[in-house]
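S.K.: Residue numbers (our numbering): 1 to 493.
Glycine included, every Cβ here is placed at the ideal spot set by N, Cα and C.
Here it is, the structure, as structure tokens.
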Amino acid sequence: MDPYNKELFDQIQKLEQSARLLEPEPEERMLWLKQLGDCTDRFIGSLDQGKAYRKFDQMAGLLEVDKSGKKVLDFSQAVSELESDLLTKGLNPASGGHLGYIPGGGIYAGVLGDYLAALYNQYAGIYYGGPGAVKIENELIRWLGSLMGYPDGSLGNLTSGGSIANLIAVVTAREARGIKSREIPELCIYLTEQVHHCVHKAIRISGLGEAQIRTIGLDDGYRMDTGDLKWAIEEDLRVGLRPFMVIGTAGTTDTGAIDPLDEIADLCELYKIWFHVDAAYGGFFVLCDLNTQEGQPLKEAFKGMERSDSLAIDPHKGLFLSYGLGAVLIKDLESQYKAHYYRAAYMQDTLSSQEELSPADLSPELTKHFRGLRLWIPLRLYGIKPFVSCLEEKILLCRYFYEEIKKMGFQTGPFPQTSVCVYRYIPKSGDPNAFNQALVDKVISDGRVFVSSTQLSGEYWIRIAILSFRTHLSTIQTYLEVLGGAVQELLDE
Ligand SMILES: *Cc1c(COP(=O)(O)O)cnc(C)c1O
């Protein structure tokens, strides 16, 4: 053999030997799966008695990266590092006691979907490369669209969450209206102070930061006042500005309120304004067969959602999946495509098959996580019914909680339209804001449940957001006990 090749082959083979360490042998794979199973059982088994929040000062866990080329740690050791410190501090979002922000949980069947997605590593960005993966994701988007009342022919994108979903919608609206940069200061965007902050981020990131932001007034249920909206639109038209987009929310973060979507849709239709609905938290409650406090079907409150041009919805909230799955639904597919596609010489082969539109042409991403499988697997296993039961349970738990804290002497916000509500305790003397902040601190120190707070008209309010699939009646009863005890302690101090 040519001495040059011999030397080269020797070198390659030596490297191959070292590189092959990355492919475990079958026996090792089985061992790891067993250890993984033990670890997941320990974790899930600990949730019932464990804490939803654990205080922490400092985290251990400096990453020491070995360079020897030999295996330095057993899989079980790597896992126990996580169990002993790294993944057991602060908030535990897998716990049913997580009643802060917007929980969800992370159902196990979805976790296995993620495992498979990572293992198959299908190319979910482009139909040509991963037709099965893209088909699965597009079918899921069409299914979500049908749940929300969107017509056939709509599509959208499975995103990492609601923030990116809202961003894609805003960028698509900009494209649809053919906005030139010099026109931006003439544009008017209508929203309320209850809109999620990621909508403001989306407006800025999409280059629309110089548009006129009109903060529309609220009714006594923290919903958009459509009289005020109409007035603002007409006023803007009168002075020669351009009403561009209205952002309604179906389930606000602070109080779970649903804006009057049908009335907003009427105005958007009349004045030809892009109507976006942020249903990231609340959208799936449209599936519930419950009545409102006034005896109307809850579904009625969502009427008009189907008339929007775009909609953001988060399966990692309302379908209880692990973090990392949101969706945007869009009717004007052509504008979504025009806003996001690009062609490159090295991608020319991918154009041959276009039976399904590719996520890469409908979002900022190219190579992406095959995130749809975590929804596909549970849906194939269970269908939709247990999800709807879970959503209905959460709403009823919130109503129960609302009535109980009233009985305990708390001041309450509006009756919950969904599964979030706000409340505060007014002590006979002293600053109520400081009192309620101290109350939250006490609840968090106890740690069995975790709650968060917000500000409404400059006042400190405690929130409860019930959406983890692991939150049940006993969780709420525990929280009521903890809260009652904390109030008593503070009053005694
Ligand atoms: C959670 C939430 C968002 C943001 O979604 P992420 O998935 O956290 O990015 C946007 N809007 C509303 C109403 C939300 O509840």
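(1) Suppose the cutoff is 8 Å on Cβ atoms and the five residues either side in sequence are ignored; what does the same chain contact list for Asp262 look like?
(2) At the level of alpha carbons, what is the spacing between Met30 and Trp376?
(3) Excluding five sequence neighbours on each side, which residues of the same chain lie with their C-beta closer than 8 Å to the C-beta of Pro24?
(4) How do the segment 443–452 and the segment 61–71 stand: do at least 3 beta-carbon pairs fall below 8 Å, yes or no?
(5) Distance, Cα to Cα, Asp26 vs Asp74?
(6) So, with DSSP's three-state summary, where would you put Leu15?
(7) Can Leu218 and Thr192 be called in contact, C-beta distance under 7 Å?
(8) Taking the beta carbon of Ser84 as the centre, do at least 16 other beta carbons fall within 10 Å, making it buried, or is it exposed?
(9) Cutting at 7 Å between CB atoms, please list the residues of its own chain near Leu290, excluding the five before and the five after it.
(10) Output the boundary residues of the alpha helix (DSSP H) element that contains Val111.
(11) Is any heavy atom in ligand 1 found nearer than 6 Å to the beta carbon of Thr253?
(12) Under 7 Å between the Cβ atoms of Gln35 and Ser80?
(13) Quick check on His196: buried or exposed, where buried means 16 or more other Cβ atoms within 10 Å of its Cβ?
(14) Considering only residues of the same chain and omitting the five flanking positions on each side of Lys14, which have a CB-CB separation below 8 Å?
(15) Measuring CB atoms only, is the segment 426–435 touching the segment 451–461, in the sense that at least three cross pairs come out at less than 8 Å?
(16) How is Cys188 classed by DSSP in three states: helix, strand or coil?
(17) Run the CB neighbour count on Arg238, radius 10 Å, all protein chains shown included, and call it buried at 16 or more, exposed below.
(18) Would you list the residues sitting across from Ala202 in a DSSP beta bridge?
(19) Using a threshold of 6 Å, is the CB atom of Asp492 nearer than that to any non-hydrogen atom of ligand 1?
(20) Starting from the Cα of Gly372, find the closest Cα among His340, Pro315, Gln354 and give me that residue.
(21) Mapping DSSP to helix, strand and coil, what is Leu218?
(22) Alpha helix (DSSP H) containing Ala78: first to last residue?
(23) Over the uninterrupted beta strand (DSSP E) stretch that includes Asp278, give me the two end residues.
(24) Within a Cβ cutoff of 8 Å, which residues of the same chain sit near Arg174, ignoring the five residues on either side of it in sequence?
(25) Does the distance between the C-beta of Ile102 and the nearest non-hydrogen atom of ligand 1 fall short of 6 Å?
(26) I'd like to know if Leu112 contacts chain D, where contact means its C-beta is closer than 7 Å to some C-beta of that chain.
(27) Consider the C-beta atom of Asp259 and the heavy atoms of ligand 1; say whether any pair is separated by less than 6 Å.
(28) On the three-state DSSP scale, how would you describe Gly156?
(29) In terms of residues, what are the limits of the alpha helix (DSSP H) holding Val134?
(30) Helix, strand or coil for Ala176, going by three-state DSSP, please let me know.
(31) Return yes when the Cβ of Ala202 is within less than 7 Å of the Cβ of Leu167, no when it is not.
(32) Would you say the beta carbon of Asp278 is closer than 6 Å to some non-hydrogen atom of ligand 1?
(33) Nearest to Leu329 by alpha carbon, out of Arg214, Val440, Ala165, Arg20?
(34) Would you say the beta carbon of Gly283 comes nearer than 6 Å to a heavy atom of ligand 1?
(35) Given this structure, state the Cα-to-Cα distance separating Gly161 from Ile107, to the nearest angstrom.
(36) What's the gap between the Cα of Glu334 and the Cα of Gly153?
M.R.: So, from the listed chains and residues:
(1) In the sequence shown, the residue the question calls residue 262 occupies position 262. Excluding five sequence positions before and after Asp262, the CB atoms of its chain that fall closer than 8 Å to its own CB belong to Lys303, Gly304, Arg307, given in chain order.
(2) As a working mapping, residue 30 is identified with position 30 in the sequence shown. As a working mapping, residue 376 is identified with position 376 in the sequence shown. Each residue's alpha carbon lies about 25 Å from the other.
(3) Here the question's residue 24 lines up with position 24 in the sequence shown. Taken in chain order, the residues that qualify are Trp32.
(4) When Cβ pairs closer than 8 Å are counted between the two stretches, the segment 443–452 is seen not to touch the segment 61–71, the count staying below three.
(5) Along the sequence shown, one-based indexing puts residue 26 at 26. Along the sequence shown, one-based indexing puts residue 74 at 74. The sequence shown places Pro at residue 26, rather than the Asp named in the question. Between the alpha carbons of Pro26 and Asp74 lies a gap of roughly 15 Å.
(6) Position 15 of the sequence shown, counted from the start, is the residue given in the question as residue 15. Here Leu15 sits in helix by DSSP.
(7) Taking the sequence shown and counting its residues from 1, the one referred to as residue 218 is at position 218. Taking the sequence shown and counting its residues from 1, the one referred to as residue 192 is at position 192. The answer is yes: Cβ separation under 7 Å.
(8) Residue mapping note: residue 84 aligns to position 84 of the sequence shown, counting from 1. Note on Ser84: under 16 other CB atoms within 10 angstroms of its CB, so exposed under the neighbour-count rule.
(9) Along the sequence shown, read from residue 1 onward, the residue named residue 290 stands at position 290. Correct list, in chain order: Leu298, Glu392, Ile395.
(10) Taking the first residue of the sequence shown as 1, we reach residue 111 at position 111. Start and end: 108–120.
(11) For the purposes of this step, residue 253 is taken as residue 253 along the sequence shown, with counting starting at 1. Of the heavy atoms belonging to ligand 1, at least one sits nearer than 6 Å to the Cβ of Thr253.
(12) Residue numbering aside, residue 35 sits at position 35 when the sequence shown is read from its first letter. Residue numbering aside, residue 80 sits at position 80 when the sequence shown is read from its first letter. Going by C-beta atoms, Gln35 is not nearer than 7 Å to Ser80.
(13) Residue 196 sits at position 196 when you count from the first residue of the sequence shown. His196 is buried by the Cβ-count criterion.
(14) Numbered from 1 along the sequence shown, position 14 holds the residue referred to as residue 14. Around Lys14: no qualifying Cβ.
(15) Judged by Cβ distances under 8 Å, the segment 426–435 makes contact with the segment 451–461, as three or more pairs qualify.
(16) Here residue 188 refers to the residue found at position 188 of the sequence shown. Reduced to three states, the DSSP call for Cys188 is strand.
(17) Within the sequence shown, residue 238 is the residue found at index 238, counting from 1. With fewer than 16 other Cβ atoms within 10 Å, it is exposed.
(18) As a first step, residue 202 is located in the sequence shown; it is residue number 202 there, counting from the start. BP columns for Ala202 are empty, so no partner.
(19) Here residue 492 refers to the residue found at position 492 of the sequence shown. Result no, Cβ not under 6 Å from ligand 1.
(20) By one-based count along the sequence shown, residue 372 stands at place 372. Cα-wise, what sits closest to Gly372 is Pro315.
(21) For this step, residue 218 is matched to residue 218 along the sequence shown. The DSSP-derived three-state label of Leu218 is strand.
(22) Reading the sequence shown from its first residue, position 78 is the one you call residue 78. Segment 75–81, the alpha helix (DSSP H) holding Ala78.
(23) Locating residue 278 in the sequence shown gives position 278, counting from the first residue. Looking at the DSSP string, the run of the beta strand (DSSP E) that includes Asp278 is 274–278.
(24) Position 174 of the sequence shown, counted from the first residue, corresponds to residue 174. If we look at Arg174 and ignore the five residues flanking it on each side, its Cβ neighbours are Ser206, Gly207, Leu208, Ala339.
(25) Your numbering for residue 102 matches position 102 in the sequence shown. Yes, the Cβ of Ile102 comes within 6 Å of a heavy atom of ligand 1.
(26) Of the chains in the structure shown, none is chain D; there is only one protein chain.
(27) Residue numbering aside, residue 259 sits at position 259 when the sequence shown is read from its first letter. Asp259 Cβ: outside cutoff for every heavy atom of ligand 1.
(28) Along the sequence shown, one-based indexing puts residue 156 at 156. Under the three-state reduction of DSSP, Gly156 is assigned to strand.
(29) Taking the first residue of the sequence shown as 1, we reach residue 134 at position 134. Start and end: 131–148.
(30) As a first step, residue 176 must be located in the sequence shown, where it is residue number 176. Ala176 falls in the helix class under three-state DSSP.
(31) Numbered from 1 along the sequence shown, position 167 holds the residue referred to as residue 167. Numbered from 1 along the sequence shown, position 202 holds the residue referred to as residue 202. Against a cut-off of 7 Å, the Cβ pair of Ala202 and Leu167 comes out as a contact.
(32) As a first step, residue 278 must be located in the sequence shown, where it is residue number 278. For ligand 1, at least one heavy atom lies less than 6 Å from the Cβ of Asp278.
(33) As a working note, residue 329 is residue 329 in the sequence shown. When each option's Cα is compared against that of Leu329, the closest is Ala165.
(34) In the sequence shown, the residue the question calls residue 283 occupies position 283. Because no heavy atom of ligand 1 lies under 6 Å away, the Cβ of Gly283 does not count as near it: no.
(35) Within the sequence shown, residue 161 is the residue found at index 161, counting from 1. Within the sequence shown, residue 107 is the residue found at index 107, counting from 1. When rounded, the separation of the alpha-carbon atoms in Gly161 and Ile107 is 17 Å.
(36) Within the sequence shown, numbered from 1, the residue matching residue 334 stands at position 334. Within the sequence shown, numbered from 1, the residue matching residue 153 stands at position 153. Computed Cα separation, rounded: 11 Å.
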